[in-house]
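Chemist:
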Amino acid sequence: MARGAITGTIPLALVSFSLGLVIALVVALMRLSKRRWLSRPARAYVSVVRGTPLLVQLFVIFYGLPSIGVVIDPWPSAVVAFSVNVGGYAAEVIRAAILSVPKGQWEAAHMVGMSHAVALRRIVLPQAARVSVPPLSNTFISLVKDTSLASLILVTELFREAQQIAAFSGQFMVLYLEAAALYWVICLVLSAGQSRLEQRLDRYVAR
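Per numbering that gives the first Met the number 0, residue 0 is the first one in the sequence shown, and the count goes up by one each step.
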């Protein structure tokens, strides 16, 4: 089962989270825009993602899209579903983090001649990153556990490998508990990494 975690669960979570963060940043900036044609679609996207179960989103992509002629293999389907889901939740985290940066930081950046985009990249986002680390880390940890849903569309990851071994051996309790222990260990490692990352980002916070 450790192989399932290394070759399935962890890569699936990392790829999905990375793509989800890109989506989240774009959506968060759209949400902050004063242009309604940008903010309204972003708001609708967040509402749909946060208002529907991840399992339903996964099934719509893998089982629903083929009915309109769009067929996606299991692993890419899982990546798309998880990325879209992370994007919806992380967008609100990033938006709130950006809004938490004092307006004086924007004003100071503009006074020294920085454009809005440069101020956002050099001044605001580094500070927002520190604020968003805990909730985004929690989102990633939740995603690692949610990758078990990919087993329902035949993606070979930690939980599906446990299911396959259990079906062959009949030792369901032992193997499912072992899978749970592996998820727990992974989450403990990620929590430790979160603490270290928070310490490194402390220097970017305005005091």
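All C-beta atoms in this analysis are idealised placements derived from N, C-alpha and C, irrespective of residue type, glycine included.
Note the first and the last residue of the continuous alpha helix (DSSP H) segment covering Tyr62.
Modeler: Here Tyr62 belongs to no alpha helix (DSSP H), and DSSP marks it neither H nor E.
Chemist: Are Ala27 and Ala108 closer than 8 Å when you measure CB to CB?
Modeler: no
Chemist: Is the region 61–75 touching the region 114–128 in the sense that three or more CB pairs, one from each, lie closer than 8 Å?
Modeler: no
Chemist: Would you mind working out which of Ala96, Trp74, Leu13, Ala191 sits nearest Val85, comparing C-alpha positions?
Modeler: Leu13
Chemist: If you follow the alpha helix (DSSP H) that Thr138 is part of, which residue opens it and which one closes it?
Modeler: 124–145
Chemist: Quick one: residues in its chain with C-beta nearer than 6 Å to the C-beta of Phe139, no 5 flanking neighbours on either side, listed in chain order?
Modeler: Phe16
Chemist: Please report the distance separating the alpha-carbon of Ala161 from that of Ala96.
Modeler: 39 Å
Chemist: Okay, do the region 71–85 and the region 105–119 touch, 3+ Cβ pairs below 8 Å being the bar?
Modeler: no
Chemist: Spatial neighbours of Tyr203 within its chain, please: C-beta separation below 6 Å, excluding the five flanking residues on both sides.
Modeler: Any reading at Tyr203 must be qualified, since the residue scores a pLDDT of 49, below 50, and its modelled position is unreliable; the value itself is stated next. Closer than 6 Å at Cβ, skipping near neighbours: Pro125, Gln126, Arg129.
Chemist: Quick check on Gly112: buried or exposed, where buried means 16 or more other Cβ atoms within 10 Å of its Cβ?
Modeler: Result: exposed.
Chemist: If I measure Cβ to Cβ from Gly169 and keep anything under 6 Å in the same chain, skipping five residues before and after, which residues do I get?
Modeler: none
Chemist: In this structure, does DSSP put Gly169 in helix, strand or coil?
Modeler: For Gly169, the three-state secondary structure derived from DSSP is coil.
Chemist: For Val83, which option in Asn137, Leu148, Val47, Ser150 has the closest C-alpha, if you only look at C-alpha atoms?
Modeler: Val47
Chemist: Could you check where the alpha helix (DSSP H) with Leu20 kicks off and where it finishes?
Modeler: 9–31
Chemist: Return the Cβ separation of Gly7 and Val154 in integer angstroms, given the expectation that the two are a contact with Cβ distance under 8 Å.
Modeler: 7 Å
Chemist: Starting from the C-beta of Phe58, find all residues in its chain whose C-beta is less than 7 Å away, skip the five residues before and the five after it, and write them out in chain order.
Modeler: Excluding residues within five positions, none has a Cβ falling inside 7 Å.
Chemist: Measuring straight from C-alpha to C-alpha, what distance separates Arg206 and Leu151?
Modeler: With a pLDDT of 49 at Arg206, under the threshold of 50, the modelled position of this residue cannot be trusted; read the value that follows with caution. Between Arg206 and Leu151, the C-alpha separation is close to 48 Å.
Chemist: Does the beta-carbon of Phe81 have 16 or more other beta-carbons within 10 angstroms, so that it is buried, or is it exposed?
Modeler: buried
Chemist: Per DSSP, what kind of secondary structure is Met113 in: helix, strand or coil?
Modeler: coil
Chemist: What number of angstroms, rounded off, separates the C-alpha of Ser76 from the C-alpha of Ser99?
Modeler: Between Ser76 and Ser99, the C-alpha separation is close to 35 Å.
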